Amino acid sequence: MTVATRTPSEKTLVKNTAHTGTFARVSRYVLMRLLVLFATVVIGVYLTIMIANMGGYVDRIMKSEIRDRITQSIGLNPSMQKMDPGVRKQLIEETIANEEERLGLNIPIAIRNFRYLSNALTLQLGRAINMTSDSGSKQVRLILLERLPPTLLLMGISQLFLFFSSILLALNLSRRYGNFWDRLVVALSPTSAVPPWFYGIFLILIFAALLKILPFGGMVDSPPPSNPIDYSLSVVKHLTLPVISLVLSSFFLSIYNYRTFFLIYSSEDYVDMAKAKGLPSRDVERRYILRPTLPNIITNFAFLIIALWTGATITETVFLWPGLGRTLYHAIGLYDIPIIVGSTIIYAYLLAMTVFLLDFIYALVDPRVKVGGR
Amino acid sequence: MNSLKNSLRSLFYYPSAVLGMLVVFLLVFLAVYAMIKIPYNEAIRLWRGGEEVWYQNPKFAPPSWINFFSSKKYAESFAVRTSDGSMVKEVTPGAEGTSTMEASYTFDFMSDYYPQDIILYLTSNYQEKQPFISAEWLTPDGRKIRLTNLALSQKQTYRFSQDAKLKTKLRTDDIIPALFSDPETGDIIKGQYQLLITGATFEPESDINIEFVFHGQVFGIAGTDHARRDLVLPLLWGAPVALAFGLLASLGTSVLTMVIAAVGTWYGGWVDELIQRITEINIVLPFLSILIMIGTFYSRSIWVILGATILLSIFTTSIKAYRSIFVQVKESMYIEAARAYGASGSRIVFLYLIPRMIPLLIPGLVSSVPAFVFLEASLALLGLGDPVLPTWGKIIENANSNGALYRGYYYWILEPATLLMITGLGFAMLGFALDRVFNPKLRDV
Chain A
0 MTVATRTPSE
10 KTLVKNTAHT
20 GTFARVSRYV
30 LMRLLVLFAT
40 VVIGVYLTIM
50 IANMGGYVDR
60 IMKSEIRDRI
70 TQSIGLNPSM
80 QKMDPGVRKQ
90 LIEETIANEE
100 ERLGLNIPIA
110 IRNFRYLSNA
120 LTLQLGRAIN
130 MTSDSGSKQV
140 RLILLERLPP
150 TLLLMGISQL
160 FLFFSSILLA
170 LNLSRRYGNF
180 WDRLVVALSP
190 TSAVPPWFYG
200 IFLILIFAAL
210 LKILPFGGMV
220 DSPPPSNPID
230 YSLSVVKHLT
240 LPVISLVLSS
250 FFLSIYNYRT
260 FFLIYSSEDY
270 VDMAKAKGLP
280 SRDVERRYIL
290 RPTLPNIITN
300 FAFLIIALWT
310 GATITETVFL
320 WPGLGRTLYH
330 AIGLYDIPII
340 VGSTIIYAYL
350 LAMTVFLLDF
360 IYALVDPRVK
370 VGGR
Chain B
0 MNSLKNSLRS
10 LFYYPSAVLG
20 MLVVFLLVFL
30 AVYAMIKIPY
40 NEAIRLWRGG
50 EEVWYQNPKF
60 APPSWINFFS
70 SKKYAESFAV
80 RTSDGSMVKE
90 VTPGAEGTST
100 MEASYTFDFM
110 SDYYPQDIIL
120 YLTSNYQEKQ
130 PFISAEWLTP
140 DGRKIRLTNL
150 ALSQKQTYRF
160 SQDAKLKTKL
170 RTDDIIPALF
180 SDPETGDIIK
190 GQYQLLITGA
200 TFEPESDINI
210 EFVFHGQVFG
220 IAGTDHARRD
230 LVLPLLWGAP
240 VALAFGLLAS
250 LGTSVLTMVI
260 AAVGTWYGGW
270 VDELIQRITE
280 INIVLPFLSI
290 LIMIGTFYSR
300 SIWVILGATI
310 LLSIFTTSIK
320 AYRSIFVQVK
330 ESMYIEAARA
340 YGASGSRIVF
350 LYLIPRMIPL
360 LIPGLVSSVP
370 AFVFLEASLA
380 LLGLGDPVLP
390 TWGKIIENAN
400 SNGALYRGYY
410 YWILEPATLL
420 MITGLGFAML
430 GFALDRVFNP
440 KLRDV
């Protein structure tokens, strides 16, 4: 939609008139694009906030929870049991009102939603309602930052391995398609219909329950080893099964897709031409097959990087991996809206930024594409 | 239409497609069988039933066919009762309306493990005088163990393993092993055991009914879970639920996506713009988080989740893929001809644009079924499965939260997982083959 291709004759025409206009065109395009993307982020995040509130439904749950908790704690407090019932009732009401004010529940939802939105957009993530980080902080920023490294470790290793290995293997297969390995990959590609956590359960069964060589879940042994070498070895041990299940569940489909993609590109006439010229096959591959597919590969890579942020909620839950995905799931269970919104806004910004930057990257790698050209 | 038929015929050249079709047919058959065998309301009643429905079954019992793979044999479960004649009862009337009763059950015990428990469920009716029974246990080596003497109330349960008097008498805490082993060596004794119950009633209308429940180590063809439920029920009923969810979600998503893409491309202008903007916003929304939120805050009903899934899956990147193809189709000659004779917009969209795309729709539709089937299982695994319906995902969730993998109840996870896997792979294989048949670009590669 934003990538425009042109025929050579058009291009020369543009070149003659566009020398002075390039800057204006690019800056106008950048401005428009930023505006549209920002609006998209605002609406997306606002919708998420609305859903996270369920139209006030969550408020009711939280209010009744507060009422229960405070009534009970005051009712059970021995020093307050001798109080006059009227005074005690008043005390309960006052404490409830204080607690509701602390959590902002006394402000109407519509206003609160906008406050959430503006805070989120300026990245003031605020304080969590129920969750705390391991270090005891209630700052959403700290909670998310604490969970980021495990997720980056797990997702980074598995996704990067998946990306590079499937491209290399796919290139290899596309060179001699129809052989045994190629047919094997094609035959195995439906296995990617199965999600990673599902492989995870099987892997836990085999390697943790039956063979007892790898742990069931978690990130380090408990208690964690004090020696840094032992510590990292322990992490590696815990990392093995989740990484394998994440890789396994998309491995064959990923190879299959890249392979088919490369095959379609290598049936182009200019590839035959290059071969006929007698160019070595490595050059043909690099300059005539990989080069035109570069924009797609870069797009995939960019979205892979964003996916690192979201983590793998269910796989992390199955392996008890203390990452962002599992934290988000916990936050939802605890009605912790600030954390849900915080995680969403960062994802939305990352996505918008990536989409924005991709336009320029396309123009850099593909001379046929012009920024803002139509 | 003819080309569609030809394409479908060429499916049979792909072994994976044949296999996939076979799986799909089997699943449909299983689903229909489940719905006929156990009607919906009955299935819900059984699935939500507690001890009063499932008291006859042992807990955490693997299926009985594991005995084929193990040299040591596990005891099978059974339940017999006097009311339907599976346990013999003889009543001899006595003087003044009294009667004596004798009931016995003889069974072969040939396994290498002790059963979980043995229970008698006794029901009797009487006006004032309680009937009376005494129970005895006859072992293959000729010993006779007096178990208990009981004056019966209307409804009474006698658990062998929890009889304190019997414990002192046998000088052990574990009654069940004591009943099945040699008191000197402690070895298990195989052979014919007999339970003998003699009773007396003291009123003319008075009657005793006995149910003898033997909780073995294995049960039926699928085993049982933590609530003694027979896993055959959720395994059978998982099929129609998974098929309904998967097919409805993928059908709803792909048809709506296509219709919206066609309408957007045909009318263009602000309609098209709007669809594109909605798509971009939808991509920002966190799909799984929203489903989890709906499940946690609002409703875990499978139909609500289904609706939300379809809504969130319409405006995705696939709408852009359809759009780019519709843009090409829109320029073709036959559309121009239709426009020339004055066909209305809706006629062109629904009768000319969309039918042209059906060959592209079918592979996508079939291939996306597994994703939705597994989505339901994933949500169930997070504890957000439908609260009422038995599904495969719920079995896995139950097993997982009861530590099935740590405690070695592998059958509990493997059975639903295998069915899910077969379903997923079946649809995926069929979808891949359809893609190759309908997508000429892929046919040669």
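First to last, the sequence lines map onto chains A and B. Per numbering that gives the first Met the number 0, residue 0 is the first one in the first sequence, and the count goes up by one each step. Per numbering that gives the first Met the number 0, residue 0 is the first one in the second sequence, and the count goes up by one each step. Don't be surprised by glycine CBs; every beta carbon is placed ideally from N, CA and C. Note that the coordinates shown come from a computational prediction; the quantities given were computed from them, not determined experimentally.
What would DSSP say about residue i, mapped onto helix, strand or coil?
i        : result
Gly198/B : strand
Lys143/B : strand
Ile117/B : strand
Glu50/B  : helix
Arg299/B : coil
Ile207/B : strand
Asp229/B : strand
Arg32/A  : helix
Ala17/A  : For Ala17/A, the predicted model reports a pLDDT of 49, less than 50, meaning its position is unreliable and no value from the coordinates is stated.
Thr121/A : coil
Ala320/B : helix
Leu7/B   : helix
Asn124/B : strand
Thr223/B : strand
Val2/A   : Since pLDDT at Val2/A reaches only 39, below the 50 mark, its modelled position is unreliable, and no value is offered.
Ser180/B : strand
Val17/B  : helix
Phe59/B  : coil
Asn105/A : coil
Check for me: the alpha helix (DSSP H) holding residue i runs from which residue to which?
i        : result
Ile304/A : 290-309
Arg276/B : 268-283
His237/A : 227-265
Thr422/B : 409-437
Ala78/B  : Element bounds for Ala78/B: not the alpha helix (DSSP H) but the beta strand (DSSP E), 77-80.
Trp180/A : 179-187
Met356/B : 353-378
Glu145/A : 139-174
Thr131/A : It is not in any alpha helix (DSSP H) - Thr131/A carries neither H nor E in the DSSP assignment.
Ala330/A : 323-332
Where do the ends of the beta strand (DSSP E) carrying residue i lie?
i       : result
Gln89/A : Run containing Gln89/A: none in the beta strand (DSSP E); it sits in the alpha helix (DSSP H), 84-101.
Tell me, please, which residues DSSP counts as bridged to residue i.
i        : result
Gly190/B : Phe108/B
Ala476/B : Residue 476/B is absent from the model: chain B starts at 0 and stops at 444.
Tyr157/B : Leu119/B
Met100/B : Val90/B, Gly198/B
Arg126/A : Gln138/A
Thr213/B : What sits at residue 213/B in the sequence shown is Phe, not Thr. DSSP output for Phe213/B lists Phe77/B, Ile117/B as bridge partner(s).
Residues of chain B with a CB under 7 angstroms from the CB of residue i: which are they?
i        : result
Ser188/A : Phe431
Tyr328/A : Ile291, Leu381
Met53/A  : Phe296, Tyr297
Pro194/A : Phe373, Ser377
Applying a beta-carbon distance threshold of less than 8 angstroms, which residues of chain A neighbour residue i?
i        : result
Ala416/B : Phe197, Ile200, Phe201
Report the neighbours of residue i on chain B: residues whose CB is nearer than 9 angstroms to its CB, in chain order.
i        : result
Thr343/A : Val283, Leu284, Pro285, Ser288
Pro241/A : Ordered by position in chain B, no residue passes the 9 angstroms Cβ test against Pro241/A, which lies about 15 angstroms from the chain.
Thr312/A : Leu287, Ser288, Ile291, Ser377, Leu381
Could you tell me which chain A residues have their CB closer than 9 angstroms to the CB of residue i, listed as they occur along the chain?
i       : result
Ile37/B : Those do not exist, as Ile37/B stays about 27 angstroms from chain A at its closest Cβ, beyond 9 angstroms.
By the criterion of Cβ-Cβ separation under 8 angstroms, what are the contact partners of residue i in chain B?
i        : result
Gly332/A : Thr295
Val57/A  : Phe296
Leu350/A : Ile282, Val283
Leu46/A  : Ile280, Leu284
Leu204/A : Leu404, Tyr409, Ile412, Leu413
For a contact defined as C-beta to C-beta under 7 angstroms, what are the partners of residue i on chain A?
i        : result
Met428/B : Pro189
At least three beta-carbon pairs within less than 8 angstroms, the stretch 248-257 of chain A to the stretch 354-361 of chain A: no
Three-pair Cβ contact test at 8 angstroms for the stretch 410-417 of chain B versus the stretch 233-246 of chain A: no
Cβ contact (3+ pairs, closer than 8 angstroms) linking the stretch 147-167 of chain A and the stretch 301-312 of chain A: yes
Cβ contact (3+ pairs, closer than 8 angstroms) linking the stretch 364-382 of chain B and the stretch 265-276 of chain B: no
Three-pair Cβ contact test at 8 angstroms for the stretch 182-192 of chain B versus the stretch 100-111 of chain B: yes
Any 3 or more C-beta pairs closer than 8 angstroms across the stretch 220-235 of chain B and the stretch 350-357 of chain B: no
Stretch-stretch touch, CB-based, cutoff 8 angstroms, three pairs: the stretch 394-414 of chain B with the stretch 43-53 of chain B: no
Stretch pair the stretch 235-242 of chain B + the stretch 30-42 of chain B: three plus CB contacts closer than 8 angstroms: yes
Stretch-stretch touch, CB-based, cutoff 8 angstroms, three pairs: the stretch 47-65 of chain B with the stretch 403-411 of chain B: yes
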